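Notes to accompany the following structure.
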Amino acid sequence: MVEVLFDVVILGFGPAALSLAIALHELPRPLNVLILERKPCFSWRGGASPLNGSRMRTSLLQDLVTQRNPLSDFTFINYLWATGSLVDYTNLSLVNPPKSVFCHYLQWCASKIEALGWIRYGHEVSGLEPLSVANGEINTWRINAKDIKGGTLRSVEARRVIIAVGSQAKLSPPLSSFRSHRRLFHSARFHEALPDIQSNEARSLNIAVLGGDDEAVEIFEHLCSVASDSKVVLYLDDTALRQTDTNPFLSSAVQTPNRLPYELRRCLGAQGDFRAVAPTVHSSVLSRLYLLQYSQLVKQGNRTEHNSRICTSKEITHARTSEGTSRILLDVTDISTGVAEKSVPFDYIIAASGYERTEHQRLMARLQSVLDSLDGSVTVDSSYRVNFKRGKVAAQSGVWVVDGFEIESGDAFSFLALRTETVLQSLFENDKTGTQDGKHTEAGTLVERATL
């Protein structure tokens, strides 16, 4: 069943899509917009955190809209005012909002977009395909989706498609076969593991946390508090925990307009090469954690007997089920010496192994023949518009991919509103002229294209 032609269809409804939806809503002319989301309601990964007092790493002004339109009704400040909590929040003197408060802000914004009738929850998109060809150019896209609850297949058509499906939890190869094991949880699902861990408070547990970023360290710190009688160990492959670079000059450089998508600017070296971004931890978290470790050392000099331990330069090489139990045995190798250590059985493993952003590749699988790349990979220009072969797609049509970069860790709130403005300008820049704008890039030009 095919419906009306939409001006814009957005796939996914996380913070990136929410920011874009707000911008489309605030345009002076009405648009026919549809948002397809697999989940039954709006959700944000940071909002699921059970960590008390966990705060955003970004300023309250780095919300969904302020850097793009500070007069918007959707700013964090206006949310506080509209909900009668502006004075109370001001008394906290917090520049970085608690994640729980910021989550309420996102849900408040999402409810206003829901009231527009733009969103269809519970719809899983299987892919998109070119539909209409005029003068040899594609000017319409068909999006195929299934109603998860009813099983009904639907097709919608749009001039412009924005893929904003975000990230998916990933596990390292040694743990991939344990994805559905009841003792292993990705850090994104820590809130599901915590009640079970706390219900076993009467007995001492062996718990492993894997990773060296903010997410891993905050979970480790929380477990040390709520499971104080248990043995909790943090494994990381680096020689030490690394502090997050809060250099304001670097932040300004990231936000300064140039020919790269925002996500890649922080990783760009002086010679124009991309540097890998190592996991980092905020300074305030590192300070608390160091104090915790030092307090243990004062009470008990033997580090190997501490209830909470940080093990650096460790690689998890293999995992298997402990014989006769449901515990998981981890084979650990010391990276600095190459020596395999004694396998340790764990009651619970929390893997902060990061996220991958590959869903857009699946959704665009049927478009490979028109993509402007030799290997069929998806590349975008500085406005996040997908690069198609010259003359294949009409100027007024196109596909945009946001949240598709794996090179940058952490969330995108520091530049989210700025990125939305970039995409918004690109969406409609050719409506009047009907001509290409010259932004289409040639293969291999590093500063003008980015591979997703």
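Residue numbers for the sequence shown follow numbering that gives the first Met the number 0, so the first one is 0 and each next one is one higher. Where a beta carbon is used, it is the ideal one built from N, C-alpha and C, also for glycine. Nothing here was measured: the structure is a model prediction, and the numbers come from that model.
Please confirm whether residue i has its beta-carbon closer than 8 Å to some beta-carbon of chain B.
{"i": "Leu-209", "result": "The structure shown has no chain B; it contains just one protein chain."}
Given a cut-off of 8 Å, decide if residue j and residue i are closer than it, judged by their beta-carbon atoms.
{"i": "Ala-163", "j": "Leu-10", "result": "yes"}
{"i": "Leu-209", "j": "Tyr-234", "result": "yes"}
{"i": "Ile-486", "j": "Ser-154", "result": "The structure shown does not extend to residue 486, since the chain is modelled only from 0 to 451, so the question has no answer here."}
{"i": "Ser-224", "j": "Glu-355", "result": "no"}
{"i": "Val-377", "j": "Val-369", "result": "no"}
{"i": "Ser-186", "j": "Glu-214", "result": "yes"}
{"i": "Leu-290", "j": "Val-216", "result": "no"}
{"i": "Ser-126", "j": "Asp-146", "result": "Here residue 126 turns out to be Gly, not Ser, going by the sequence shown. No, the pair does not count as a contact, with Cβ atoms beyond the cut-off."}
{"i": "Phe-5", "j": "Val-32", "result": "yes"}
{"i": "Arg-67", "j": "Leu-417", "result": "yes"}
{"i": "Gly-135", "j": "Gly-353", "result": "no"}
{"i": "Ser-250", "j": "Ser-413", "result": "yes"}
Going by CA-CA distance only, name the one from the options that's closest to residue i.
{"i": "Ala-364", "options": "Gly-375, Arg-356, Trp-117", "result": "Gly-375"}
{"i": "Ala-207", "options": "Ser-198, Thr-245, His-24, Ile-348", "result": "Ile-348"}
{"i": "Ile-218", "options": "Trp-80, Thr-421, Leu-50", "result": "Leu-50"}
{"i": "Ala-351", "options": "Leu-259, Gln-292, Ala-168", "result": "Ala-168"}
{"i": "Phe-73", "options": "Asn-90, Phe-101, Met-55, Arg-54", "result": "Phe-101"}
{"i": "Leu-30", "options": "Thr-243, Leu-115, Ala-81", "result": "Leu-115"}
{"i": "Thr-311", "options": "Gln-367, Leu-240, Glu-36", "result": "Leu-240"}
{"i": "Ile-309", "options": "Ile-196, Lys-341, Glu-220, Ser-198", "result": "Glu-220"}
{"i": "Lys-26", "options": "Gln-106, Lys-298, Ser-71", "result": "Checking the sequence, you will find Leu at residue 26 rather than Lys. Closest by alpha carbon: Ser-71."}
{"i": "Ala-20", "options": "Ala-411, Ile-118, Asn-90, Thr-89", "result": "Ile-118"}
{"i": "Val-401", "options": "Leu-263, Gly-337, Glu-340, Lys-341", "result": "Leu-263"}
{"i": "Trp-107", "options": "Val-86, Trp-80, Ser-335, Gly-353", "result": "Trp-80"}
{"i": "Ser-396", "options": "Glu-128, His-24, Gln-295, Glu-113", "result": "Glu-128"}
{"i": "Asp-410", "options": "Cys-40, Gly-45, Asn-134", "result": "Gly-45"}
{"i": "Pro-69", "options": "Asp-236, Phe-248, Pro-247, Ala-22", "result": "Ala-22"}
{"i": "Glu-113", "options": "Ala-226, Asp-237, Cys-40, Gln-299", "result": "Cys-40"}
{"i": "Pro-194", "options": "Val-379, Gly-150, Asp-430, Ser-48", "result": "Ser-48"}
{"i": "Asp-236", "options": "Ser-335, Val-132, Arg-56, Ala-393", "result": "Ser-335"}
{"i": "Ser-227", "options": "Ala-277, Gly-323, Ser-342, Ile-196", "result": "Ile-196"}
{"i": "Ser-229", "options": "Val-132, Asp-87, Arg-202", "result": "Arg-202"}
Using the Cβ count rule (16 or more neighbours within 10 Å means buried), how would you classify residue i?
{"i": "Pro-14", "result": "buried"}
{"i": "Lys-517", "result": "A question about residue 517 goes unanswered here, because the residues of the chain that appear run from 0 up to 451."}
{"i": "Asp-212", "result": "buried"}
{"i": "Gln-424", "result": "exposed"}
{"i": "Thr-255", "result": "exposed"}
{"i": "Glu-452", "result": "The shown model of the chain, from 0 to 451, leaves out residue 452, and the question about it has no answer."}
{"i": "Pro-43", "result": "For the sequence presented, residue 43 should be read as Trp rather than Pro. It counts as buried."}
{"i": "Pro-260", "result": "buried"}
{"i": "Arg-158", "result": "buried"}
{"i": "Tyr-293", "result": "exposed"}
{"i": "Asn-77", "result": "buried"}
{"i": "Ser-92", "result": "exposed"}
{"i": "Leu-373", "result": "exposed"}
{"i": "Phe-248", "result": "exposed"}
{"i": "Thr-57", "result": "buried"}
{"i": "Ala-16", "result": "buried"}
{"i": "Thr-65", "result": "buried"}
{"i": "Ala-393", "result": "buried"}
{"i": "Val-94", "result": "exposed"}
Kindly list the residues whose CB is nearer than 6 Å to the CB of residue i, restricted to its own chain and excluding five residues on each side of it in sequence; keep chain order.
{"i": "Phe-75", "result": "Leu-59, Asp-62, Tyr-104"}
{"i": "Gly-437", "result": "Residue confidence is low: Gly-437 scores 36 on pLDDT, short of 50, so the model does not pin down where it sits. Its coordinate-derived value is still stated next. Nothing listed; no residue qualifies."}
{"i": "Ser-18", "result": "Leu-63, Leu-415, Thr-419"}
{"i": "Ser-307", "result": "Cys-223, Val-231"}
{"i": "Lys-388", "result": "Val-369, Asp-371"}
{"i": "Trp-399", "result": "Ile-161, Tyr-383, Arg-384, Val-422"}
{"i": "Pro-97", "result": "Arg-54"}
{"i": "Ala-144", "result": "Leu-35, His-122, Val-124, Arg-153"}
{"i": "Gln-295", "result": "His-305"}
{"i": "Leu-85", "result": "Leu-79"}
For residue i, which residues from the same chain have a beta carbon less than 8 Å from its beta carbon, with the 5 sequence-adjacent residues on both sides left out?
{"i": "Ile-327", "result": "Phe-177, His-180, Arg-182, Leu-183, Ala-318, Arg-319, Thr-320, Ser-321, Pro-344, Phe-345, Ile-348"}
{"i": "Ala-269", "result": "For Ala-269, the pLDDT reaches just 49, beneath the cut-off of 50, and the residue's location in the model is therefore unreliable, although a value from the coordinates is still provided. Hits under 8 Å: none found."}
{"i": "Val-338", "result": "Thr-332"}
Take residue i and list the residues in its own chain whose beta-carbon comes closer than 7 Å to its own, dropping the five residues that flank it on each side.
{"i": "Leu-130", "result": "Thr-139, Trp-140, Arg-141, Glu-156"}
{"i": "Gln-242", "result": "Thr-279, Val-280, Ser-282, Leu-285"}
{"i": "Gln-367", "result": "Gly-375"}
{"i": "Pro-173", "result": "Ile-315, Thr-316, His-317, Ala-318"}
{"i": "Asp-333", "result": "Ser-312, Lys-313, Glu-340"}
{"i": "Thr-519", "result": "Past the boundaries of the shown model lies residue 519; the chain is included only from 0 to 451, so the question cannot be answered."}
Could you tell me if the beta carbon of residue i falls within a distance shorter than 7 Å of some heavy atom in the ligand NAD?
{"i": "Ile-196", "result": "In the structure on display, the ligand NAD does not appear, and there are no ligands present to speak of."}
Exercise for review: Any chance you could list the alpha helix (DSSP H) runs of at least 4 consecutive residues sitting entirely within the stretch 7 to 75, in chain order?
Suggested key: 14 to 24
Review point. What beta strand (DSSP E) runs, 3 residues minimum, are completely inside the stretch 281 to 342?
Key: 307 to 310, 313 to 320, 327 to 333
Exercise for review: Could you pull out every unbroken beta strand (DSSP E) segment of at least 3 residues lying fully inside the stretch 127 to 162, listed in chain order?
Suggested key: 136 to 146, 152 to 162
Practice item. Go through the stretch 347 to 400 residue by residue and report every complete run of the beta strand (DSSP E) that reaches 3 residues or more, in order. Key: 347 to 350, 397 to 400
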